[in-house]
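2 protein chains.
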Amino acid sequence: MVLRLDSSSADFASAFEQFISKDRDGGADVSAVVREVINKIRADGMDALAELTQKFDGFALCEANLKITDAEIEIAEKQCRAEDLKALDFAADRIRSYHLKQLPKDERYTDDMGVTLGWRWNAVDAAGLYAPGGRAAYPSSVLMNAIPAQVAGVGRLALVTPAPGGEMNPLVLAAAKRAGITEIYRIGGAQAIAALAYGAGPIAPVDVIVGPGNAYVAEAKRQVFGKVGIDSIAGPSEILVVADGQNEPAWIAADLLSQAEHDPSSQSILITDDAQFADRVSNAVDEQIAESERKEITAAAWHDNSAIIVVGTLDEAPAIVDRIAPEHLELAIEAPEELLTKIRHAGAIFMGRYTPEAVGDYVAGPDHVLPTVHSARYASGLSVLDFMKRTSIIGCDADALARIGPAAATLADAEGLPSHANSVRVRLK
Amino acid sequence: MVLRLDSSSADFASAFEQFISKDRDGGADVSAVVREVINKIRADGMDALAELTQKFDGFALCEANLKITDAEIEIAEKQCRAEDLKALDFAADRIRSYHLKQLPKDERYTDDMGVTLGWRWNAVDAAGLYAPGGRAAYPSSVLMNAIPAQVAGVGRLALVTPAPGGEMNPLVLAAAKRAGITEIYRIGGAQAIAALAYGAGPIAPVDVIVGPGNAYVAEAKRQVFGKVGIDSIAGPSEILVVADGQNEPAWIAADLLSQAEHDPSSQSILITDDAQFADRVSNAVDEQIAESERKEITAAAWHDNSAIIVVGTLDEAPAIVDRIAPEHLELAIEAPEELLTKIRHAGAIFMGRYTPEAVGDYVAGPDHVLPTVHSARYASGLSVLDFMKRTSIIGCDADALARIGPAAATLADAEGLPSHANSVRVRLK
């Protein structure tokens, strides 16, 4: 049974609050372990990397096999199916063309006091990308993490991905090639994040680290933040579908399960104004779980973390959506544009009945790295801006300084910073 | 004596590397203490806040005196000098008009496959601002942190600032009023950050926390990151001045000391192509330190953390600047525009001989919250974007899905995610 909430029941507010406050993340405190790993890499570099890789990934890492060679990438590409490579190219082109539109503009103007003001954007010099390995090796994530960096103009793109037993997923390597990645290292875990942040052996430090990973990877990113920039800390995936009764139940069930199949901690939520439709979707989900190849994962995510919320009218949906601030939001309704204007917090919104969330995971173009676990309240999906930074520009001549300088000196005095005031006053006649 | 480096000496590379690698931050590990404070606030809310405020700020905090009243703000404003309030208004207007130009644009288009794509920006619902208190209470920082949030359209702006003995700086309260702050709480330290992130007593949780603070505040922001968004972690301030020999030595000395007076861990660096000018600046700095009201701080920052770097020609400057990635960069040279194009990493650049960094601290318009300690490599100054987030928008009709869906299903299959593939295929004819 999946949790069912009805917005007309007396205890809806508290039941809903309890539902969304549930910690799906496990929340084990791995900070001490991660701190130790980072200190080890900082102290012993390549030796520590080899030791930890032997321990966690089960193979003998050395400088000779750390970096994937061009020949290995070529061999990997030949192992891929032509159809998969074609789909990868199709996806890469679409992701690139969407992200090109995100490139920010520089600005420069002279204001009414004669002060020249503006800003300039530049790419970072080097970015590190983390890609999970083993069973959950996702070539699409390599595209989604690397292409924004490539579009931003980052010169050096280093990919780290754990290689259990030394083996790499061929389609991941093919994706890395398409996304302009310049270095690929077969390392993972907190040790890989530390190596990217501080350098280790032949790996030079990077400026920004992005990409999803497990709890250790997430905590390592948190701890190296400040030494390098990072994207958001990724949590378990989620989907919220707002659907009226005019949808095909099997379609909506399929959408709910598309996120449920990621992980037992994933979350799928349906909001509908039609209680009978809710029953039909619930039945369809049960049927599809029964047939699912990933039955255990989907069943756990659906039964433990998910919910169907029945509302009186869809006008109630925006407030509920904003409280959840979902990573993925489908508006499977007749007039999605109207509801869109009333919703403030969501990572990505999928409009209408023919936009299953999965198109956004692969080929639509926008990034699939999106804020999870209510963080769409304050965070955005990955973009070219994560790989760029803005420099402010300020220019005065003697006249402009004469106009704005005195107020600066007054405030510096008020704050007890006389050298600040002096640096202005020495230039005033 | 200040450290002097000459780019023509044989050991310049290693001496420079040693200079910039020095940890100015102290770097004591306060993470365990901070974790305890955060857990205490989460568990005991207002009671914990009162206990910690009694301990660190030395007064009896309760719900009745936690929040500054409108009457208190009115009284505070009357205590301020008219000239200071006028300068504050002047600064606020200029900061507001610069940040208005940063408001990002929404985007929507239909591509050649018939897919509707775009994005929409929204402000966060609530932002928390930290302002240091006591001796280092800076009304300008209140403006610089709050106005971008106000311009972004944030509805709720909560300011926290420690009030040693319960007392607040009147000009800080006046600044808060001008910056549209809706709530002011007399609390500080890691406990204030925890209260903003998780709520405590009457304080409701916010979505984003920004603002500078000491090591405990910085670590608290790091630990609550993920529950809320944060800006960069602030380190000690710094200035880098690139100057030719045609400058007035006393002006450049004043600029170097304007950052040195912040804190003993501040850093001031001069790069010049004129060794005799370097001597003159060095002498001028010594003279100004001798006359300084903040002699101990400026002397410590100058002698312990600063440097004069003499180069053969100013063409060498961009590479050195980029390696330092300074928070503040002055180009006190004849043709700053030319050098500007060659420099990639700096928080803010001050152009020409009449733009002392201090105008940027107060009245120029751009934000004075800037990336410190080499983080301009990857980070930007505070902007309206720190208080907004972007939602991706994706829309397909049946025809568009028929064009892009098959590739999505192919990739989902390749990644072993059959429910993803199914959610697309059920919609294809």
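Here the protein sequences line up with chains Y and R, keeping their order.
For the first sequence, my numbering begins at 401 and goes up steadily by one.
For the second sequence, my numbering begins at 401 and goes up steadily by one.
Yeah, the Cβ is synthetic: ideal placement off N, Cα and C, and Gly gets one too.
Predicted, not measured: the structure shown is a model, and the values here were computed from it.
As assigned by DSSP and simplified to three states, the class of residue i
i	result
ASN522/R	strand
TYR762/Y	helix
ASP444/Y	helix
ILE587/R	coil
GLN646/R	coil
ILE733/R	coil
GLN418/R	helix
SER792/Y	strand
LEU770/R	coil
GLU638/Y	strand
TYR778/Y	coil
GLY528/Y	strand
GLN667/Y	strand
VAL608/R	strand
PHE459/R	coil
GLU661/Y	coil
THR582/R	coil
ALA575/Y	helix
Close Cβ partners of residue i (< 7 Å) along its chain, the five nearest in sequence each way excluded
i	result
VAL617/R	TYR530, GLY589, ALA590, ILE593
Sequence-distant residues of its chain with Cβ nearer than 6 Å to residue i (five each side left out)
i	result
GLY747/Y	GLU727, LEU770, PRO771, ALA776, GLY781
SER692/R	THR698
ALA576/R	VAL542, LEU559, ILE584
HIS745/Y	ASP722, ALA725, ALA776, ARG777
ALA516/Y	According to the sequence provided, residue 516/Y is Thr. The question's Ala does not apply to it. Once the five neighbours on either side are set aside, the close Cβ partners of THR516/Y are THR510, GLY795.
ARG694/R	GLU661
ILE468/Y	ILE584
SER666/Y	PRO636, SER637, GLN659, ALA660, ALA701
ARG825/R	ALA809
ARG424/R	PRO636, SER665, ASN705
GLY458/R	GLY565
ASP799/Y	GLY514
Cβ-based neighbour list, residue i, same chain, cut-off 8 Å, excluding 5 preceding and 5 following
i	result
ALA802/R	LEU828, LYS829
LEU405/Y	PHE412, ALA415, PHE416, PHE419, ALA707, ILE708, ILE709, VAL710
LEU573/R	ILE468, GLU472, ILE473, ALA476, GLU477, ILE584
SER540/R	ALA491, ALA575, ASP761, TYR762, HIS768
Chain R contact residues for residue i, given Cβ-Cβ distances below 8 Å
i	result
TYR538/Y	GLU815
TYR754/Y	CYS796, ASP797, ALA798, ALA800, LEU801, ARG827
ASP607/Y	ARG777, TYR778
LEU916/Y	Since the displayed chain Y opens at 401 and closes at 829, residue 916/Y lies outside it and no answer follows.
TYR698/Y	The sequence as given places Thr at residue 698/Y; Tyr does not occur at that position. Simply SER819.
GLU477/Y	Ordered by position in chain R, no residue passes the 8 Å Cβ test against GLU477/Y, which lies about 14 Å from the chain.
Presumed contact (8 Å Cβ cut-off) between residue i and residue j, rounded CB distance
i	j	result
SER431/Y	GLU716/Y	Actually they do not touch by this definition, with Cβ atoms about 40 Å apart.
VAL606/Y	ALA526/Y	4 Å
ARG494/R	ALA764/R	7 Å
MET751/Y	GLY514/R	No, MET751/Y and GLY514/R are not in contact; Cβ-Cβ is about 13 Å, not under 8 Å.
GLY379/Y	PHE677/Y	It is not possible to answer for residue 379/Y, since the shown part of chain Y is limited to 401 through 829.
ILE603/R	LEU640/R	No, ILE603/R and LEU640/R are not in contact; Cβ-Cβ is about 40 Å, not under 8 Å.
TYR598/Y	ARG442/Y	5 Å
ARG578/R	LEU488/R	6 Å
Closer than 9 Å at the beta carbon, the chain R residues around residue i
i	result
PRO766/Y	LEU517, GLY518, TRP519, SER792, ILE793, ILE794
ARG680/Y	Under the 9 Å cutoff, chain R gives no residues; its nearest Cβ is about 14 Å from ARG680/Y.
Assigned exposure category for residue i - 16 Cβ within 10 Å defines buried
i	result
MET401/Y	exposed
ARG753/R	buried
LEU596/Y	buried
ALA732/R	buried
SER409/R	exposed
SER682/Y	buried
ASN705/Y	buried
GLU474/Y	exposed
ALA582/R	Before going further, note that residue 582/R is Thr rather than Ala in the sequence given. Exposed, since its Cβ has fewer than 16 Cβ neighbours within 10 Å.
Under 8 Å by beta carbon: chain Y residues contacting residue i
i	result
PRO818/R	GLU661, SER692, GLU693, ARG694
VAL628/R	TYR778
ILE633/R	PHE625, GLY626
Where residue i meets chain Y, residues with beta-carbon distance less than 9 Å
i	result
PHE419/R	The premise fails here: PHE419/R is roughly 18 Å from chain Y at the closest Cβ pair, so nothing lies under 9 Å.
Contacts of residue i in chain Y (Cβ-Cβ under 7 Å)
i	result
SER666/R	In chain order: nothing, as chain Y lies at least about 11 Å away.
ALA362/R	Given a span of 401 to 829 for chain R in the structure shown, any question on residue 362/R remains unanswerable.
ARG622/R	ARG622, PHE625
PHE416/R	Ordered by position in chain Y, no residue passes the 7 Å Cβ test against PHE416/R, which lies about 17 Å from the chain.
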